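Residue numbers (the working numbering), protein chains in the order written: chain A, 1 to 532; chain B, 1001 to 1293.
Just so you know, even glycine gets a beta-carbon here, dropped at the ideal spot from N, CA and C.
Since the structure is predicted, the reported quantities are computational estimates derived from the model, not experimental observations.
Single-structure report; data block below.
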Amino acid sequence: MTSTRVLYHLVRADFLERVRRYSFLVTLAMAVYLGYGCFTGKVVVRLDDYRGVYNSAWLGSLMTLVATVFLSLVGFYVVKNTIQRDQETRVGKILATTPMTKSFYTVAKMISNFAVLAAMVAVMALVALLMQALKAEDPNLDLWALLSPFVIFALPAMAFTGAMAVLFETLPVLRGGAGNVIYFFVWTALLAAPVASLDKGATVSRAAYFSDFTGIVSIMGQMQQDLHKIDPHYTHGSALTIGDTQTTRKFLWTGLRGSPALYLSRVTCVLLAVGLALLASLFFHRFDPAREWFSRKARKEREPAVANGEPVVTFTSPPQAAAHLTPLQRSQNAASLPRLVLAELKLMLKGHRWWWYAVAAGLFVASLVSPLEATHGGIAIVALLWPVLLWSQMGTREARFGTASLIFSSEGSLWRQLPAVWLAGVVVAAVTNGGLGIRLMAARDGHALTAWIACTLFVPSLALALGIWSGTSKTFEAVYTVWWYVGVANHMPGMDFLGTTAESARPAMFLMMAAALVVASYLGRRAKLAYA
Amino acid sequence: MKLSIERVSKQYRGKVWALRDFTLDLRPGVLGLLGPNGAGKTTLMSILATITRATQGRVLWNDTDLAENPDAIRAVLGYLPQDFGVYPNLNAVEFLEYLAAVKGLDAAASRRRIDELLNLVNLADVRKRPLGGYSGGMKQRIGIAQALLNDPQLLIVDEPTAGLDPEERVRFRNLLSELSGERIIILSTHIVSDVEATATDIALISSGTLVAHATPEELLRQVEGKVWEQVVPSDQLTAAKQKYLISGTTRRSDGVHIRVLASAAPNGAQPLAPTLEDAYLYCLTAHRAGAAA
């Protein structure tokens, strides 16, 4: 079998496996919803109070921007599980015994990630086509103007995103929940760096082209230049906005102008993607259990004890003659909820390195000794992100580790174990951000304290509900990180669940949301159990 | 103490029936649930363990309907699923303590119980090692230990000896025999020798239906006088396989000794004492022939 044929079958199998999954359909639905948002004017590219006439060029570019910005973030979380799935399904062990090289495997995975994301891009291109027909602002369909932004910008961006997902999956620290959180900040930085170079009306620099993996600067830069020619009073404001943004004026934009630098930058983006996939092969463990953390730890602990230079067998017991089990009295089945909460808490906290606890303790102490403003506006915000990987286990642990059948066949798993998980999450929130709570109590700031309590109840409720309903910790890790960044770190009213400022705090709303999320968690778990 | 399975059927998506009209009454003892792969054993276990619901029929534990009060059975249930996972960062004691808390066991009683169980499954020496470093057989033994945590009156074990080495397998069989006094144990397997060693009753299941429910002796009686040994040259083995129902072959210097299941003795065949494997094969083949007819 030729390499091309092997590659084709690897990508095909991976692609089919993923597009038949629920998460693909959900993401696709979200992409279509964004397209609908464009149609209804909720998602717009705004240049001061201008927007383009909905012709092929404008719609193609608008939908391309939406696709690249949205899919380079959300799409990453959708596709960042391809190697993990090969490991979980044990298909990886079979693949590892074939002549396939590590670089071949990681490049194949990058291509299959790309194929999944490109399928979503194709759907969004279709939405753009439909939009032009339905909006009917310009009846002339120019297929090249409509589709070329997808080909030039969206597809290379998807290749880059797919490669980043493979790289993150192969790097030891980044393959887990920490990688999910870190990617958001990497994505923000990648998006923000070229945007800063969007100079008012000036030609987009070559450097900006090459750092602009989503194409946002390349596209919007040309839009700015063209509008400036039409309206010299245009102040060069531009944004891709979501929400009730009103644009009052329209201008006719005829489309992108290609240049060697632009095309070269997009080719570079694809080459960079291949480079990242090849880089990933250096870290790829090829499903060797000896290179997994647990195995290393276990091997270390299994190392034979040595006496006088001779190994001593330490853990083989002589076979027992007879089983001895003390009968258990039925009345002894009466463990209290606090014990179960403690057990859940222990489970949640296990497996983290010493420095995790050191940083958590440091944040707690810093919250206590710093000025209240610094605590409320800075330290507490960081302390709220630090336990994200503890919360993201909530509601997903049983499925992730395959213990569901053991736990759900136990007495009262719905009304004992589920509340215990939630309470353990609340305890984590209360303790890790306890420094702020104590300071607010001491300051007798009732309003801020209520917001802190609402936050303490809201975050674990969100984690539990998202965990149960999505079945994966990634959903909470991604949603929470974005929410934390937009709402808490940027003090956005209505989104700031910690209530970092008096203006942005909405404690009553978050208390109600916490209650609703607890109910959603209960209903979600109930639906998964054969018997409530 | 009794467990009644009354006309239970289970249909999965795609209109696949995993169980059909399955009826069985169980009293204390070890029931060996035998059947080929895909027969419906695991589906039945999952229904009894309250993991999945029956599409039709009902299950009664001491006359209490499982659908109305699942906790009645969960409170006395020990369940070892065919596939299960562990929390890799916990060690054996911590994992069992966690499950003891989930099962609602008293702290002091469960501590003593965990010590005894770890001794019993021969994991006492590695009790402090994270489960992530355990071998498949060791994980299986942790599964056995957790199933016995609450001193269950109903113990359901699905393919329990999978992954165990021969020594551990013997230990487990002995353990099941010792535990069988005042509880109902359901041992689901396709390994006949496991059932042979422990079961007081056997239920044969095929294509989701109950083929036979009998004691091992009753099953053996069904093939009494129907097991023969014949010696055939190697080159006639294929033809013999097409002609007879063969439950075993052994190559020797005089040819291949085949174990034939047949009502009448084949040419030159000598009668043999039947085994449970012969009975299993005979019943299944007869059932399939009946179903095909």
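Take the Cβ of residue i as the centre, count every other Cβ of all protein chains shown within 10 Å, and call the residue buried at 16 or more, exposed below.
i	result
A/W535	This structure leaves residue 535 of chain A out entirely; chain A is present only between 1 and 532.
B/K1128	exposed
A/G446	exposed
A/E411	buried
A/L16	exposed
A/Q246	exposed
A/S265	buried
B/S1218	The residue asked about is misnamed: residue 1218 of chain B is Glu in this sequence, not Ser. It is exposed - the Cβ of B/E1218 has fewer than 16 other Cβ atoms within 10 Å.
A/P338	exposed
B/T1161	buried
Measuring straight from C-alpha to C-alpha, what distance separates residue i and residue j?
i	j	result
A/G52	A/A442	55 Å
B/E1178	B/R1171	11 Å
B/A1239	B/P1266	13 Å
A/E398	B/G1078	18 Å
A/G179	B/S1004	51 Å
B/T1200	B/I1185	10 Å
A/T375	A/L368	8 Å
A/F150	A/L129	12 Å
A/N433	A/C455	10 Å
B/V1192	B/I1114	31 Å
A/H285	A/K350	25 Å
B/R1221	B/K1139	39 Å
A/L390	A/M348	6 Å
A/K109	A/D496	38 Å
A/H352	B/E1094	16 Å
A/L47	A/A57	16 Å
B/L1164	A/L464	37 Å
A/K474	A/R249	41 Å
B/V1008	B/P1081	20 Å
B/Q1270	B/W1228	5 Å
A/G60	A/L276	28 Å
A/F185	B/L1031	58 Å
B/G1035	B/A1197	17 Å
B/A1293	A/L325	51 Å
B/T1064	B/R1058	10 Å
A/Q417	B/N1037	34 Å
Span of the alpha helix (DSSP H) holding residue i?
i	result
B/I1191	Per DSSP, B/I1191 belongs to no alpha helix (DSSP H) and is neither H nor E.
A/F251	First-last for A/F251: R249 to F251, but that is the beta strand (DSSP E), not the alpha helix (DSSP H).
A/V19	S3 to V19
B/H1213	From DSSP, B/H1213 is part of no alpha helix (DSSP H) but of the beta strand (DSSP E) over T1209 to A1214.
A/E398	R397 to F401
A/I381	A380 to L385
A/V66	S56 to F70
Kindly indicate the opening and closing residues of the beta strand (DSSP E) around residue i.
i	result
B/D1158	L1154 to D1158
B/D1025	V1016 to L1026
A/Y50	Y50 to G52
B/H1257	G1255 to L1261
B/W1061	Q1056 to W1061
B/Y1294	Within the shown structure, residues of chain B are numbered from 1001 to 1293, placing residue 1294 of chain B beyond reach of any answer.
B/L1245	L1245 to R1252
A/L368	Where A/L368 is concerned, there is no enclosing beta strand (DSSP E), although the alpha helix (DSSP H) it sits in stretches over W354 to V369.
Less than 7 Å between C-beta atoms, sequence neighbours within five positions excluded: which residues of the same chain meet that for residue i?
i	result
A/L117	L71, G75, V79, M158, T161 and G162
A/A154	T64, A67, T68 and V121
A/I242	G37, K42 and V43
B/A1109	none
B/V1232	A1240, G1255, V1256 and I1258
A/V426	T456, L457 and P460
A/L440	A448, L449 and W452
A/T316	Summary for A/T316: the model assigns pLDDT 44, below 50, so the residue's position carries little reliability; its value from the coordinates is reported in the next sentence. Hits under 7 Å: none found.
CB-CB under 8 Å to residue i, same chain, minus the five flanking residues each way: which ones, in chain order?
i	result
A/I533	Residue 533 of chain A falls outside the range modelled here, since chain A spans only 1 to 532, and no answer is possible.
B/N1345	Since the first residue of chain B shown is 1001 and the last is 1293, residue 1345 of chain B is not available in this structure.
A/E503	H491 and P493
B/G1137	G1163, L1164, D1165 and E1168
Within a Cβ cutoff of 6 Å, which residues of the same chain sit near residue i, ignoring the five residues on either side of it in sequence?
i	result
A/P194	A208, S211, D212 and V217
A/F283	T170 and L171
Throw me the rounded Cβ distance for the residue i and residue j pair, which I believe falls under 8 Å.
i	j	result
B/F1084	A/L406	6 Å
A/P521	A/G395	The question names Pro, yet the displayed sequence has Ser at residue 521 of chain A. A/S521 to A/G395, Cβ: 7 Å. Contact.
B/G1040	B/A1018	5 Å
B/I1205	B/A1214	B/I1205 to B/A1214, Cβ: 13 Å. No contact.
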